[in-house]
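**Q** For reference, each letter of the sequence shown is one residue, going 0 to 699 in numbering that gives the first Met the number 0.
Sending over a structure as structure tokens; questions will come in a sec.
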Amino acid sequence: MHHFHHTLRLVLLLAFALGIAGSLTMPISAAPSVPCQTPGNFRRIPGYMLTSISYEKFITQDFNGDGKVDVAGLARGSALGPFKAVDLFFGDGAGSFSAPTTYFIANSSTAPTDLKAGDFNGDGKIDLISVNAGPPSINGTCISTFSILFGNGNGTFQDALTYNVNLCTREVEVADFDSNGRDDVLVRSTPFDQPDNARILLGLSEGNGMFGAATLYVPNGRAYDLAVGDFNGDGKPDVVAALTNASGTSLHLDVYLNDGTGTLLAPTQISNSNTGYDAITAADLNGDGKADVAAFSQNPALFSVYLNNGAGGFTRTDYGALRISSPQKIVVGDFNGDSKPDLASMSTILYGDGAGNFTRKDIKDPPAYQAFTVGDFNGDGRTDFFRNFYNINVFSVFPSNVSALATFLSDCTVPVRDKIDFDGDWKTDLAVWRPSTGQWVIQNSTDNSVRTQQWGGASFGDVPVPGDYDGDDRADLAVFRTSNSTWYILNSSDGTFRGQFWGASGDKPVPADYDGDGKIDIAVFRPSDGGWYVLRSSDNSLYAVAWGTSGDKPVQADYDGDYKTDLAVFRPSNGVWYIFRSSDSTFFAQAWGNSTDKPVPGDYDSDGRADLMVYRSSTGTWWLSRSYNGATLALSAFNPSAEDQPVPGDYDGDATTDIAIRRPSTNLWRLRVSSSGGFASDFTFGTSSDTPVSTDYVIE
């Protein structure tokens, strides 16, 4: 094992095919800059995996007064039992959080649906209030409850006080409507409880956890959401309501001004259209000191921004958004650190210019998260995401009945392009390369259309090496010509092509993003000396490291979650994986597999780090070692055949690697995508002599 001393030896490899003099330098992470010049990227920090807990809402505050942002989650169930609870996660200021501290709030007959922070007794300490929707009654209505936890000011809370609310509600807004230093509550009936006209109740705090007799407001239509903001600049919290008529064909936004005594004045309609909004928020988006309105619609998927002129008029501008199923939520933050308000849903950010204009950027990350919140969790001046994914599918590669919590830090670096996506929708496409003709046949996942393109051929000694070499979020057609060690790349961005001499006889192509710039780097692994030779796209320089030996199989992937590909090999002779982490230049070794297994690394457990996975052709079994906790899993659900070829990829676009096989004799592709409940989907594609090109590395 002379290649892997206890002290890591980086060996200068001078006999490079090009004769380029280079030094063995590791890719260096750029220092964070504010504002971010390449916004829209997020670095995932895995959090806790919690069994039998799903979260309805998250909120952020500094609950323990240490100057670091904490998170409170509204849990439907608890590791300690079926009761509903609030879990507190205390931030460390670097993006990670403590294990949860749990406070029970309601029994199993209610469904916690909303969580807010406020000061309900006027003592200057943060309190919490949850809404717990009760079971429907015989006439379709229900009685909800409030649970209030008074804060002690140090991150701990008193036992919950629970009271009935004479309304079927799922959400609460909090503000000091009567200017007495105590926060009050505003709730609305659900559209299903009041199908014709909504009821809005404003309850003023009595300082002891109780609220005085609520004032009833009956707007003209169903209420889908409420938001609080100061729309006339008088320093008093006002209210905006998103309403529709009973048939849902007409929407209007109504503003209720507050007189400062806890009384809302007659509403003023600021918009009337056929767009129904699922969520609204109020914030000063153009810096004039008056709240504007931002709304999010799921169908059609769009943001609507209503700029307030201060005299009762609002100007609407629409922006497209990535459609998501849930949660329908809109938040305000500063995601690029330019001190200007931005807007975000789960999958789209609108970057603001400070004057009320916005530029759209879609977040290419899992759309299947159940709940999220935002805050600056690492103190760099940029807003980050805190998200939860809950899986109840016992057939999934992802563990069942588990909440996976993760922080997504706003990052100026660009994430690794770890999937072969030819049409730019961040889903792996079915694709093959026909050696006899050099034809690429690709089925676009966006619309299932098929396109063909000739590029390369087996007669030249070509090996297909697709990837996003030009950084346009689409995979390019590319081949490595073993006969002359030249890479031929057809750029998807502009249709131009380039040839790059890189490598030597006997080299294996290992293209990946080693320098974290969002572009695939040209790279080879040389079995004769165990050397990796990378042409970094960021600065066109050589990066060379000795890592491995003859007989090893390259298994490059992002094992440490830093958005840079790590050097790695699988050694069939002993079944050991040797991985060199790019984040800290350390390495680890793990035995996983046997001499005949095919290594197929990928992020199968959705924690942002590649897992060890092997495919055993003799049994058709996939053997997984999860990166998040080291747990192991064996999967065999394909009625396997000895001829099956593993073709893992992210076919459903949820940032989780799916297991899949291709059966050449019948042209069968069988995909078991992580979002399908573990059930397989069959496709017929290609011919028996084709080479699959849906993976981002050459499977050996």
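Positions of the beta carbon are idealized from the N, C-alpha and C atoms, including for glycine.
Nothing here was measured: the structure is a model prediction, and the numbers come from that model.
1) Three-state secondary structure (DSSP) at S188?
2) Measure the beta-carbon distance from T564 to Y603 and round it to whole angstroms, keeping in mind my assumption that it falls under 8 Å.
3) Given that a residue counts as buried once 16 or more other Cβ atoms are within 10 Å of its Cβ, and exposed if not, what is V304?
4) Determine the closest residue to L342 out of F313, G374 and T314, with distance taken between C-alpha atoms.
5) For T620 and G592, what's the separation of their Cα atoms in angstroms?
6) CB P236 to CB F176, shorter than 7 Å?
7) In three-state DSSP terms, what is F569?
8) Given a threshold of 16 other Cβ atoms within 10 Å of its Cβ, counted over all protein chains shown, does A84 qualify as buried or as exposed?
9) With a CB to CB cut of under 7 Å and the five nearest residues on each side skipped, what residues in its chain are close to P645?
10) What do you reckon, are the CB atoms on I658 and R669 nearer than 7 Å?
11) Please report how far the alpha carbon of A174 lies from the alpha carbon of F62, in whole angstroms.
12) Could you tell me whether the segment 301-316 touches the segment 264-277, where touching means 3 or more Cβ pairs closer than 8 Å?
13) Please name the residue, chosen from G515, P553 and S536, that lies closest to G530 on a Cα-to-Cα basis.
14) Taking the alpha-carbon positions, what's the L79 to G121 distance?
15) Run through DSSP, which three-state label would S28 get?
16) At what residue ranges does the segment 509-562 contain a whole run of the beta strand (DSSP E), taking only runs of 3 or more?
17) Assuming S491 contacts D469 (C-beta within less than 8 Å), just tell me the rounded distance between them.
18) Can you name the start and end residues of the beta strand (DSSP E) that M612 belongs to?
19) How far does the beta strand (DSSP E) with N307 in it reach, from first residue to last?
20) What residue from D126, N165, D557 and N273 has the CA that sits closest to N207's CA?
21) Taking C-beta to C-beta, are P45 and A405 nearer than 7 Å?
22) Would you kindly work out how many angstroms separate the C-alpha atoms of T481 and T382, rounded to a whole number?
23) Pull up the distance between the alpha-carbon of Q442 and that of S536, whole angstroms please.
24) Pairing CB atoms from the segment 441-460 with CB atoms from the segment 415-429, are three or more of them under 8 Å?
25) So, at 6 Å on beta carbons, what are the nonlocal neighbours of P526 in its own chain, with the 5 sequence-adjacent residues on each side left out?
26) Report the three-state DSSP secondary structure of S458 (helix, strand or coil).
27) Indicate whether R169 and A132 have their beta-carbon atoms separated by less than 7 Å.
28) I need the straight-line Cα distance from M612 to D538, nearest angstrom please.
29) Does DSSP put V199 in a helix, in a strand, or in coil?
30) Please identify the residue among K339, N573, I519 and L160 whose C-alpha is closest to the C-alpha of G466.
31) With a cut-off of 7 Å, does the C-beta of I660 fall near any C-beta of chain E?
32) What distance in whole Å lies between the Cβ atoms of L201 and D183, which are believed to be in contact at a cut-off of 8 Å?
33) Start and end of the beta strand (DSSP E) containing P111?
34) For a minimum of 3 consecutive residues, which ranges assigned as the beta strand (DSSP E) are wholly contained in the segment 255-283?
35) Could you give the residue range of the beta strand (DSSP E) that holds Q499?
36) What number of angstroms, rounded off, separates the C-alpha of A74 from the C-alpha of A240?
**A** According to the structure shown:
1) Walking along the sequence shown from the start, residue 188 turns up at place 189. Three-state result, S188: coil.
2) On the sequence shown, position 565 is the one that residue 564 refers to. On the sequence shown, position 604 is the one that residue 603 refers to. At roughly 17 Å, the Cβ-Cβ gap does not stay under 8 Å, so T564 and Y603 are not in contact.
3) Taking the sequence shown and counting its residues from 1, the one referred to as residue 304 is at position 305. Flag for V304 reads buried.
4) The count along the sequence shown starts at 1 and reaches residue 342 at position 343. It is G374.
5) As a working mapping, residue 620 is identified with position 621 in the sequence shown. As a working mapping, residue 592 is identified with position 593 in the sequence shown. One C-alpha to the other measures close to 11 Å.
6) As a working mapping, residue 236 is identified with position 237 in the sequence shown. As a working mapping, residue 176 is identified with position 177 in the sequence shown. A contact, by the Cβ cut-off of 7 Å.
7) By one-based count along the sequence shown, residue 569 stands at place 570. F569: strand per DSSP, three-state reduction.
8) As a working note, residue 84 is residue 85 in the sequence shown. Buried: at least 16 other Cβ atoms inside 10 Å.
9) Stepping through the sequence shown from its first residue, residue 645 is reached at position 646. So the list reads K597, V599, Y614, I660 and I698, once near-sequence residues are dropped.
10) The residue you call residue 658 lines up with position 659 of the sequence shown. The residue you call residue 669 lines up with position 670 of the sequence shown. No; because the gap between Cβ atoms is not below 7 Å, this pair is not in contact.
11) Taking the first residue of the sequence shown as 1, we reach residue 174 at position 175. Taking the first residue of the sequence shown as 1, we reach residue 62 at position 63. About 18 Å.
12) yes
13) What you label residue 530 is simply residue 531 of the sequence shown in a count that begins at 1. Taking only the C-alpha atoms, the option nearest G530 is P553.
14) Taking the first residue of the sequence shown as position 1, residue 79 is located at position 80. Taking the first residue of the sequence shown as position 1, residue 121 is located at position 122. Its pLDDT being 46, under 50, L79 is placed unreliably in this model, and the value from its coordinates should be taken loosely. Cα-Cα distance, rounded: 32 Å.
15) As a position in the sequence shown, residue 28 is number 29, starting the count at 1. Low local confidence applies: a pLDDT of 29 at S28 is under 50, so the model's placement there is unreliable, with the coordinate-based value given in what follows. S28 falls in the coil class under three-state DSSP.
16) 521-525, 530-534 and 541-545
17) The residue given as residue 491 occupies position 492 in the sequence shown. The residue given as residue 469 occupies position 470 in the sequence shown. Indeed they touch by this definition, with Cβ atoms about 7 Å apart.
18) The residue you call residue 612 lines up with position 613 of the sequence shown. L611 to R615 is the extent of the beta strand (DSSP E) around M612.
19) Here residue 307 refers to the residue found at position 308 of the sequence shown. Start and end: L301 to N307.
20) Mapped onto the sequence shown, residue 207 falls at position 208. Comparing Cα positions, the closest option is D126.
21) Mapped onto the sequence shown, residue 45 falls at position 46. Mapped onto the sequence shown, residue 405 falls at position 406. In contact: P45 and A405 (Cβ atoms closer than 7 Å).
22) Numbered from 1 along the sequence shown, position 482 holds the residue referred to as residue 481. Numbered from 1 along the sequence shown, position 383 holds the residue referred to as residue 382. If I take the Cα positions, the gap works out to 47 Å.
23) Translated into the one-based positions of the sequence shown, residue 442 becomes position 443. Translated into the one-based positions of the sequence shown, residue 536 becomes position 537. C-alpha separation (whole angstroms): 28 Å.
24) yes
25) For the purposes of this step, residue 526 is taken as residue 527 along the sequence shown, with counting starting at 1. Contacts found: S549.
26) Locating residue 458 in the sequence shown gives position 459, counting from the first residue. S458: helix per DSSP, three-state reduction.
27) Residue 169 sits at position 170 when you count from the first residue of the sequence shown. Residue 132 sits at position 133 when you count from the first residue of the sequence shown. The answer is yes: Cβ separation under 7 Å.
28) Within the sequence shown, numbered from 1, the residue matching residue 612 stands at position 613. Within the sequence shown, numbered from 1, the residue matching residue 538 stands at position 539. Each residue's alpha carbon lies about 33 Å from the other.
29) Along the sequence shown, read from residue 1 onward, the residue named residue 199 stands at position 200. The identity of residue 199 in the sequence shown is Ile, whereas the question assumes Val. Note: I199 maps to strand in three-state DSSP.
30) On the sequence shown, residue 466 is found 467 positions in, with the first residue counted as 1. Closest by alpha carbon: I519.
31) You won't find chain E in this structure, because it holds only one protein chain.
32) Taking the first residue of the sequence shown as 1, we reach residue 183 at position 184. Taking the first residue of the sequence shown as 1, we reach residue 201 at position 202. At roughly 7 Å, the Cβ-Cβ gap stays under 8 Å, so D183 and L201 are in contact.
33) As a first step, residue 111 must be located in the sequence shown, where it is residue number 112. It spans A110 to G117 - the beta strand (DSSP E) in which P111 sits, taken as one unbroken run.
34) 267-272 and 278-282
35) If you number the sequence shown from 1, residue 499 lands on position 500. Unbroken beta strand (DSSP E) run through Q499: F496 to F500.
36) Translated into the one-based positions of the sequence shown, residue 74 becomes position 75. Translated into the one-based positions of the sequence shown, residue 240 becomes position 241. When rounded, the distance between both Cα atoms is 27 Å.
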